[in-house]
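In the numbering used here, the protein residues as written are 174 to 241. Idealized CB from N, CA, C, for every residue including glycine. As the structure is a prediction and not an experimental result, all values here were calculated from the model.
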C-alpha cells in the first residue's frame, strides 16, 4: 500500500515540476522596467498618490444632523 501512495506522490511531483518548467520566465530587469512603466502610466488614478475626492470617500466622518 505504501508503494502505491509513494508512486502516486512521485507522479504528482513530476506533474507539478513539468508545470513549473513550462512557465514562461522573463528577466528581473525586464519585469522591473515593465512594473515601473505601469506605475508611471497609472499614477494619476492611484488614490494613494492623488487622494480621494471628498464627495466619493466612503471612509469620511458621517455628517451629524441637528434640528433645533
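Identify whether residue i lies in helix, strand or coil by the three-state DSSP scheme.
i	result
residue 200	coil
residue 224	coil
residue 233	coil
residue 212	helix
What residue range is occupied by the uninterrupted alpha helix (DSSP H) comprising residue i?
i	result
residue 177	175-194
Could you compute how far the alpha carbon of residue i sits from the alpha carbon of residue j?
i	j	result
residue 177	residue 189	18 Å
residue 221	residue 231	15 Å
residue 181	residue 197	27 Å
residue 218	residue 207	18 Å
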